[in-house]
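Student: Using the working numbering, you'd call the opening residue of the sequence shown number 36 and step up by one each time. Using N, Cα and C, we set each Cβ at its ideal position, and we do this for glycine too. This structure is in C-alpha cells; I'll ask about it shortly.
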Amino acid sequence: MAELPTDPPQPPMPEGTVPEAVVTRTEERWVTIMVAMLTIMMVIMVLTSLVGALHPASNVEVIDSRTLHLKGEFVESNLGTALEPDGSVTVRLIAQQYDFVPRCVVVPADTPVKFRLTSDDVVHGFLLPDTNINTMVVPGFVAEVRTRFARPGEYVMPCHEYCGLGHQAMWARVKVVPWDRFAGKGLLERTSCAAQ
36 MAELPTDPPQ
46 PPMPEGTVPE
56 AVVTRTEERW
66 VTIMVAMLTI
76 MMVIMVLTSL
86 VGALHPASNV
96 EVIDSRTLHL
106 KGEFVESNLG
116 TALEPDGSVT
126 VRLIAQQYDF
136 VPRCVVVPAD
146 TPVKFRLTSD
156 DVVHGFLLPD
166 TNINTMVVPG
176 FVAEVRTRFA
186 RPGEYVMPCH
196 EYCGLGHQAM
206 WARVKVVPWD
216 RFAGKGLLER
226 TSCAAQ
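Right under this line is the structure:
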C-alpha cells in the first residue's frame with residue numbers, strides 16, 4: 036500500500052490572493068508596532084507628569100463652607116493677593132455662583148504664586164489657559180495650586196465645571212505685572228485690574 040503524501044498539492048490560488056502565512060506575518064508586525072506605540076505613549080505620559088508638574092491635587096484640606104465669609108482664611112478682608120515673608124505670593128479666591136471673588140487679581144512675574152480657592156455653594160472649576168493650573172473647587176475643601184508666571188500678561192480665568200444656568204458668564208482675570216509695579220501696589224490695588 037502506497038503512503039499518501041502528508042502535504043497534498045494545493046490548487047493554484049486565484050490571482051491577487053495573499054497567502055495565509057504573509058497575512059499572519061503582517062498582522063503580527065502591526066500588533067507589535069501598536070503595542071510599542073502604546074508603550075511609548077504611556078512612558079511619555081508618566082515622564083510628563085513627573086517632570087512637567089502635572090499632577091492630581093494632593094492638598095486635602097477641609098473647611099466649613101457655611102462660615103467662609105465670617106472667620107478664618109477666606110474672610111473678605113483676606114481675599115486677593117498677599118505677599119508672604121519669603122517673597123512668594125498667595126492668592127485667595129472664593130468661587131460662587133456665578134463669580135470669583137475677587138474678579139481680578141494682580142500678581143508679580145517670575146515669582147512663586149500659590150492659589151488657594153474654595154467654594155461656598157457648588158463644584159466649580161479653576162483654569163488658567165496656557166499654564167499648568169487646572170483644578171476643581173469643591174465646597175468644604177481648599178484647592179491649592181502653585182505656579183510661576185514667566186512674563187507679564189493677562190490671563191482669563193473661566194469656570195470650567197458646569198455650575199448652573201449662569202455658568203457661561205463666570206469669568207475672572209489674573210493680571211501679571213513686573214515686580215516693581217507689583218511692589219508699589221496696596222492690598223486694594225492688587226484686587227483690581229483697572230488702569231492706574
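Ends of the alpha helix (DSSP H) at Ile168?
Tutor: Taken as a continuous stretch (DSSP letters only), Ile168 belongs to no alpha helix (DSSP H), being part of the beta strand (DSSP E) at 168-172.
Student: What residue range does the beta strand (DSSP E) around Thr153 cover?
Tutor: 147-154 is the extent of the beta strand (DSSP E) around Thr153.
Student: Nearest to Asp121 by CA position, among His195, Tyr133, Val148, is which residue?
Tutor: Among His195, Tyr133, Val148, the Cα nearest to that of Asp121 belongs to Val148.
Student: Quick one: what does DSSP say His90 is sitting in, helix, strand or coil?
Tutor: Residue confidence is low: His90 scores 48 on pLDDT, short of 50, so the model does not pin down where it sits. Its coordinate-derived value is still stated next. Here His90 sits in coil by DSSP.
Student: In three-state DSSP terms, what is Met232?
Tutor: Any answer about residue 232 is impossible in this case: the structure gives the chain only from 36 up to 231.
Student: Per DSSP, what kind of secondary structure is Gln131 in: helix, strand or coil?
Tutor: Strand, per DSSP.
Student: List, from N- to C-terminal side, the beta strand (DSSP E) runs of 3 residues or more that fit wholly inside the segment 153-220.
Tutor: Those beta strand (DSSP E) runs which fall completely within the segment 153-220 and span 3+ residues are 159-163, 168-172, 176-183, 188-193, 206-212.
Student: Since I believe Ala178 is in contact with Thr153 (beta carbons under 8 Å), could you give me their beta-carbon distance rounded to a whole number of angstroms?
Tutor: Going by Cβ atoms, the distance from Thr153 to Ala178 rounds to 7 Å, so yes, they are a contact pair.
Student: Can the beta-carbon of Val126 be found closer than 8 Å to that of Gly115?
Tutor: Yes; because the gap between Cβ atoms is below 8 Å, this pair is in contact.
Student: Compare the Cα-Cα distances from Thr102 to each of Leu73, Thr61, His159, Gly175 and report the closest residue.
Tutor: Considering only alpha carbons, the answer is Gly175.
Student: Using three-state DSSP, classify Leu85 as helix, strand or coil.
Tutor: The answer is helix: DSSP assigns Leu85 an H, G or I state.
Student: Cutting at 6 Å between CB atoms, please list the residues of its own chain near Pro54, excluding the five before and the five after it.
Tutor: So the list is empty, once near-sequence residues are dropped.
Student: Inspect the beta-carbon positions of Thr166 and Thr182 and report whether they are closer than 8 Å.
Tutor: Contact: yes.
Student: Where DSSP assigns a beta bridge to Ala125, which residues make up the other side?
Tutor: As written in the sequence, residue 125 is Thr, which differs from the Ala given in the question. Answer by DSSP bridge pairing, in chain order: Ala117, Lys149.
Student: Using DSSP with H/G/I as helix, E/B as strand and the rest coil, what is Glu96?
Tutor: Residue state, collapsed to three classes: strand.
Student: What are the start and end residues of the beta strand (DSSP E) that includes Val142?
Tutor: Segment 139-143, the beta strand (DSSP E) holding Val142.
Student: Using a threshold of 8 Å, state whether the C-beta atoms of Val141 and Val158 are closer than that.
Tutor: Contact: no.
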